[in-house]
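Those protein sequence lines, which keep their order, are chains Y and X.
The opening position of the first sequence corresponds to residue 32 in my numbering, with each subsequent residue numbered one higher.
The opening position of the second sequence corresponds to residue 32 in my numbering, with each subsequent residue numbered one higher.
Positions of the beta carbon are idealized from the N, C-alpha and C atoms, including for glycine.
First the structure, in the form of structure tokens, and then the observations on it.
2 protein chains.
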Amino acid sequence: MAAFDVAKLEVGNDGQSPRRRSVFIGHAGERVVALRVGLLGLGTVGSGTAAILLDPSQRHPLVRELVIARAGVRSLEKQRSISLPAELLTTDLDAIVSDPNVDIVVEVLGGLEPARSLILKAIAHGKHVVTANKAAIARYGDEIFAAARAAGVYVAIEAAVGGGIPTIQPLKHALSVNRIRRVLGIVNGTTNYILTRMATEGADFAEVLADAQRLGYAEADPTADVDGLDAADKIAILAAIAFSDRVKLDDIHCEGIRQIGATDIGYAERLGFAIKLLAIAQREAGNTNDDALQVRVHPTLVPREHPLASINGVNNAIFIEGDPIGEVMLFGPGAGAGPTASAVVADLVSLVALMKTQPQGTDLHGLMSYMRQADCRIVPITELVTRFYARIDCIDRPGVIGYLGTTFGKHDVSLESIVQTDRREGLAEIVVVTHDVREGNFRDALAELASGAIEQIAIPSVLRVL
Amino acid sequence: MAAFDVAKLEVGNDGQSPRRRSVFIGHAGERVVALRVGLLGLGTVGSGTAAILLDPSQRHPLVRELVIARAGVRSLEKQRSISLPAELLTTDLDAIVSDPNVDIVVEVLGGLEPARSLILKAIAHGKHVVTANKAAIARYGDEIFAAARAAGVYVAIEAAVGGGIPTIQPLKHALSVNRIRRVLGIVNGTTNYILTRMATEGADFAEVLADAQRLGYAEADPTADVDGLDAADKIAILAAIAFSDRVKLDDIHCEGIRQIGATDIGYAERLGFAIKLLAIAQREAGNTNDDALQVRVHPTLVPREHPLASINGVNNAIFIEGDPIGEVMLFGPGAGAGPTASAVVADLVSLVALMKTQPQGTDLHGLMSYMRQADCRIVPITELVTRFYARIDCIDRPGVIGYLGTTFGKHDVSLESIVQTDRREGLAEIVVVTHDVREGNFRDALAELASGAIEQIAIPSVLRVL
Chain Y
32 MAAFDVAKLE VGNDGQSPRR RSVFIGHAGE RVVALRVGLL GLGTVGSGTA AILLDPSQRH
92 PLVRELVIAR AGVRSLEKQR SISLPAELLT TDLDAIVSDP NVDIVVEVLG GLEPARSLIL
152 KAIAHGKHVV TANKAAIARY GDEIFAAARA AGVYVAIEAA VGGGIPTIQP LKHALSVNRI
212 RRVLGIVNGT TNYILTRMAT EGADFAEVLA DAQRLGYAEA DPTADVDGLD AADKIAILAA
272 IAFSDRVKLD DIHCEGIRQI GATDIGYAER LGFAIKLLAI AQREAGNTND DALQVRVHPT
332 LVPREHPLAS INGVNNAIFI EGDPIGEVML FGPGAGAGPT ASAVVADLVS LVALMKTQPQ
392 GTDLHGLMSY MRQADCRIVP ITELVTRFYA RIDCIDRPGV IGYLGTTFGK HDVSLESIVQ
452 TDRREGLAEI VVVTHDVREG NFRDALAELA SGAIEQIAIP SVLRVL
Chain X
32 MAAFDVAKLE VGNDGQSPRR RSVFIGHAGE RVVALRVGLL GLGTVGSGTA AILLDPSQRH
92 PLVRELVIAR AGVRSLEKQR SISLPAELLT TDLDAIVSDP NVDIVVEVLG GLEPARSLIL
152 KAIAHGKHVV TANKAAIARY GDEIFAAARA AGVYVAIEAA VGGGIPTIQP LKHALSVNRI
212 RRVLGIVNGT TNYILTRMAT EGADFAEVLA DAQRLGYAEA DPTADVDGLD AADKIAILAA
272 IAFSDRVKLD DIHCEGIRQI GATDIGYAER LGFAIKLLAI AQREAGNTND DALQVRVHPT
332 LVPREHPLAS INGVNNAIFI EGDPIGEVML FGPGAGAGPT ASAVVADLVS LVALMKTQPQ
392 GTDLHGLMSY MRQADCRIVP ITELVTRFYA RIDCIDRPGV IGYLGTTFGK HDVSLESIVQ
452 TDRREGLAEI VVVTHDVREG NFRDALAELA SGAIEQIAIP SVLRVL
């Protein structure tokens, strides 16, 4: 790549660092805008981002037009893998978001506060924001985007979902010319790693989780991952984009993978399924009200021949169904320094490209968001129509299968199969797979079975089937 | 989606059709640009494109800002699935590309001529061009992009590779902040359909091809597909984008799938591989000259655990390896009316978005292309270092495996395995898998074996291993 023949046109008002000039003229008279980046955080993703910006050769040529103006850190003393001039580092994050020599703030702190406040303050100071913070966007996206709209700045969030996989941009632009029917995905690497190892090793959840924690694939407090909360944040964001709708996090039905055992994984495999933690958002089928969506996170039996069934390890995959495109899947590493930094820098490059075409001072909101300004209606989980898998323990006596079948039938639950899978010490283990049924009906049937009115019945496992 | 409150500001100079106004003011004073589209071709993809444009609800809001101004067809009498006002149809394609009431020409004729001439004429008349024509772009891309640069218009080609899968845009933008090491993919649906059926049915090539032709999955003249020429067109385009390089089609080593038999698919499966027609472009490993690329198309043994191994049927998948992102795969339908039209309209929407930010008359080239203006060096296939699979028929006598091993060794070909797979009527069938070797050495060894100096040896099959 021929280097830009950079002639200084205007110098940032600090007049100091040669990396902090603001506008140049490149070769062939092209306008070269150097955007000055303020990094909030120099941890895994922050360092990864800096590493790309400091080493632009063989990359998109606009990477050269991004300069690190400030980097906010917790400690100035810490040894770091990347070397930045000492005067760029500061522990004063507030100073970065209000610095007139910063054009774009990259928020890679994670967590809710001070991330939210810093993002809002950056916006108030007219900075564009690039963030990887799915938790803050899923909760405060409304407030943040409204502030950005008012200030005429961009908030770019490619890194918030699917790590390095181009997800937000394709969904927002290329794929959205389709009428999106459904977005579903494996969006949490930790749980997919755990489920993959459980499946290959026949091991139980607790055992694999402990090992994943030891290896750094799971956090000391694994709640956000294994209870599906991280996946819920991400599907809230994807649903908002795919359906131009506001989705309230509290409305998302969310189940994690703690209750999944080796037993269920084994049965699922025998039945031709892999168990995956799926995040799903879909337009309510057959509903004439456009605003009704299903948004949910739960472990799911995925047919072996479905592309999502073979996504293993820490990888993520986003599967999109639309009209007329059919089915598209975007696959790759869902987390980690390199992949997430790739998404952060992709957003930065998009901003540079915009600055090159956008006359200064133009309201940038026109292209930013077409999101509805009211919450959409989320269909209650009891209204979901889906297939179910359930594992049932009961007294082993003649007629028990008949009793189960009759009880399900009473609640309009049509069974595809009912199989006694094990019997010992007077107990029978029975696995049931239903046809499409209304979840409310299925739950009513299970409640009646579990009430113990007639038989001593336990239902250790209930899973939905894709 | 709230409809735009469209107030006419300026009327196209025909003054007739309400669908042909050119600039509006939308709600909240937003500038609404209606871009007038001239469709060259109303066949499968053209009709699919029109179908999306005529039915914009629940799609990207900018789809509403695209109006069909003209549609060029071969016959005005033909019955069509989509209904357009008769006065928009014409058989005079030249009139469309020079029509002052057309802003963007969509070329979905396919083939080299008149497509190339019409694209160039459209550019000369200051029209932007959206094309699905990989054959024309792979051959005349240079000429076409140079003309576009001179005229200050865009030529958008998302639909040329991978049908509806977002490929060109992610590769050009989001993924290109990475240092791309390799792009490889299944980019021809017909051959993947044939190979998939051969693998599942144990059938031979000719048999499945005939059936695919009967079912409409293969053309009456299947050459472009089964000989890898279509895949070569596509990898030429992907390589040019991934590596900002010009790639000459003639420099691409290209082998098709005619010689693949059920026997090889069976052996590959036993060895843990699927056979796929891969198109591959990669930076020459360990070479300090950035300009050296490998670009090739050939049937390849893909390890079963590689994501490309499980891409079946007419689907396509593009697998991208870069630093620091790692590995990303984009998967979906590689052809067909709906998917290809999705990509065409995605390009149209991008153009509308650009028009909204771009002051009229600005040179649009700045963001269009960073491609080098000279051809890159393509590494000759003899310099390729890869693993090989070969099936060898020879006289069944003691010492023959030793002779083979010795001959390979003489040419620096290190073997991973050499297995006699069959023996009958005095003949032995032997399957050889090598370690990484230089292709030139391997070919020299095969040439010595096939020369018949010592043994009567035939080599019915040679395949590379991923």
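- Counting only runs of at least 3 residues, the stretch 179–228 of chain X fully encloses the following beta strand (DSSP E) elements, listed from N- to C-terminal order: 210–217.
- Your pair Gly103/Y and Ser373/Y does not check out as a contact, with CB atoms roughly 21 angstroms apart and the cut at 8 angstroms.
- Cα atoms of Ser129/X and Glu118/X: separation of roughly 17 angstroms, rounded to the nearest angstrom.
- Listed in chain order, the non-local C-beta contacts of Val139/Y below 6 angstroms within the same chain comprise Gly72, Val76, Gly77 and Ala163, local neighbours out to five positions each way being set aside.
- Below the 7 angstroms Cβ cutoff, chain Y contributes Phe362 and Gly363 as neighbours of Met360/X, in chain order.
- The C-beta distance from Gln313/Y to Arg213/Y rounds to 4 angstroms, short enough to fall under 8 angstroms.
- When the beta-carbon positions are compared, Leu308/X and Ile283/X stay at least 8 angstroms from each other.
- Annotated three-state conformation of Leu385/Y is helix, per DSSP.
- For Asn223/Y, not one C-beta of chain X is nearer than 8 angstroms to its own C-beta.
- Identification of residues in the stretch 177–200 of chain Y having a C-beta nearer than 8 angstroms to some C-beta of chain X yields Glu189, Gly195, Ile196, Pro197 and Gln200, given in sequence order.
- Per the DSSP secondary-structure output, Phe362/Y pairs in a beta bridge with Ala348/Y and Met360/X.
- Looking at the DSSP output, Leu97/Y shares a beta bridge with Leu66/Y.
- Identification of chain Y residues near Ala377/X by a Cβ-Cβ cut-off of 7 angstroms yields His204, Ala205 and Val208, ordered along the chain.
- A contact between stretches requires three or more CB pairs, one per stretch, nearer than 8 angstroms, and the stretch 232–242 of chain Y meets this requirement with the stretch 288–303 of chain Y.
- In this structure, DSSP gives Lys307/X an extended state, which the three-state scheme calls strand.
- Neighbourhood of Arg90/Y in chain X, by CB distance below 8 angstroms: Ser207, Val208, Asn209 and Arg210, in chain order.
- For Val94/X, the nearest CB of chain Y lies under 8 angstroms from its own CB, placing it at the interface with that chain.
- Listed along chain X, the residues sitting closer than 8 angstroms to Pro338/Y by beta-carbon distance are Ser341 and Phe362.
- Against chain X, the beta carbon of Ser78/Y has no neighbour under 7 angstroms; the closest one sits roughly 11 angstroms away.
- Just so you know, the alpha carbons of Phe350/Y and Gln451/X end up roughly 44 angstroms apart.
- For Val137/X, the uninterrupted beta strand (DSSP E) segment begins and ends at Ile135 to Glu138.
- Look at Ile356/Y: its C-beta is under 8 angstroms from a C-beta on chain X.
- When Cβ pairs closer than 8 angstroms are counted between the two stretches, the stretch 408–422 of chain Y is seen to touch the stretch 324–333 of chain Y, the count reaching three or more.
- Bounds of the alpha helix (DSSP H) holding Gln244/X are Phe236 to Leu246.
- Here the stretch 425–435 of chain Y makes no contact with the stretch 252–264 of chain Y; the two share fewer than three CB pairs at distances below 8 angstroms.
- Going by C-alpha positions, Ala155/Y is about 14 angstroms away from Ala146/Y.
- For Ser112/X, not one C-beta of chain Y is nearer than 8 angstroms to its own C-beta.
- Under DSSP, Gln313/Y forms a beta bridge with Arg213/Y and Gln325/Y.
- A direct Cα-Cα distance of roughly 43 angstroms separates Ile168/Y from Ser112/X.
- Note on the stretch 426–466 of chain Y: whole alpha helix (DSSP H) runs with a minimum of 4 residues are 431–441, in chain order.
- Three or more beta-carbon pairs separated by less than 8 angstroms are not found between the stretch 169–189 of chain X and the stretch 86–99 of chain X, which leaves the two stretches without contact.
- By the neighbour-count criterion, in which a residue is buried when 16 or more other Cβ atoms sit within 10 angstroms of its Cβ, Arg495/Y is buried.
- For Arg495/Y, no alpha helix (DSSP H) run applies; the uninterrupted beta strand (DSSP E) run containing it begins and ends at Ile488 to Val496, by DSSP.
- Taking 8 angstroms as the upper bound for CB-CB distance, Pro201/Y and Gly79/X are not in contact here, some 19 angstroms apart.
- The Cβ-Cβ distance between Ala249/X and Leu240/X falls below 8 angstroms.
- Straight through space, the alpha carbons of Leu70/Y and Thr122/Y are spaced by roughly 11 angstroms.
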